[in-house]
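K.L.:
Numbering-wise, the sequence shown is residues -12 to 120 according to this note's numbering.
Here a beta-carbon is modelled for each residue, glycine too, at the ideal position from N, C-alpha and C.
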Amino acid sequence: MEHPAPRVIHVRQGRVEPSGSWLYVWVDVDASSVEYIGGTGFDPELRAYLHVSSHDHEVGRVRAIVPSATERDFDVLAFGLPDAVSRPDAKVALMDRLAGRSGTADHPGLDDVVGVIAEAVAVHLRMLDKSDR
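(1) Once you ignore the five residues that flank arginine 48 on each side, which residues in its own chain have a CB closer than 8 Å to its CB?
(2) Which stretch, first to last residue, makes up the beta strand (DSSP E) that contains serine 20?
(3) Tell me the start and end of each unbroken alpha helix (DSSP H) in the region -2 to 68 that is at least 4 residues and wholly inside, in chain order.
(4) Between alanine 35 and the rest of its own chain, which residues show a CB-CB distance below 6 Å, the 5 nearest in sequence each way excluded?
(5) Pull up the distance between the alpha-carbon of leucine 33 and that of arginine 2, whole angstroms please.
(6) State the Cα-Cα distance for the pair glutamate 45 and aspartate 98, rounded to the nearest angstrom.
(7) So, is proline -7 buried or exposed, given that buried needs 16 or more other C-beta atoms within 10 angstroms?
So, in structure tokens, the structure goes:
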């Protein structure tokens, strides 16, 4: 029997090392609106959990800045980024794009990555608008 390859999570001197690169978009299910955009090197499920469970404002940013976040329903859309893409630059470009600004002029090479993400967010928002909530 072939054994699956394990996922290796590196913990070095008490610190977990990031193992990927993600952008994630918090969408309010009832309002069909984008409420928060973030980026992380950790699993997006873990990051989403920390956003609403941590009382530390730097870790629980959604809880800290989105009104009544723990009482609302969200879909968190997570998008893996290629290794060569700067997560902070991609986040700014995505925020600009979703706000109706071009956003990628200052970050060459991000048009394709950010465009695909922005379109996926738009599709999800349209789907929410059409659903019976």
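P.N.:
This is what the structure holds:
(1) Tyr23, Gly25 and His38
(2) 20 to 27
(3) Within the region -2 to 68, the complete alpha helix (DSSP H) runs of at least 4 residues are 31 to 40 and 48 to 52.
(4) Val63
(5) If you take the alpha carbons of leucine 33 and arginine 2, they lie about 15 Å apart.
(6) 29 Å
(7) exposed
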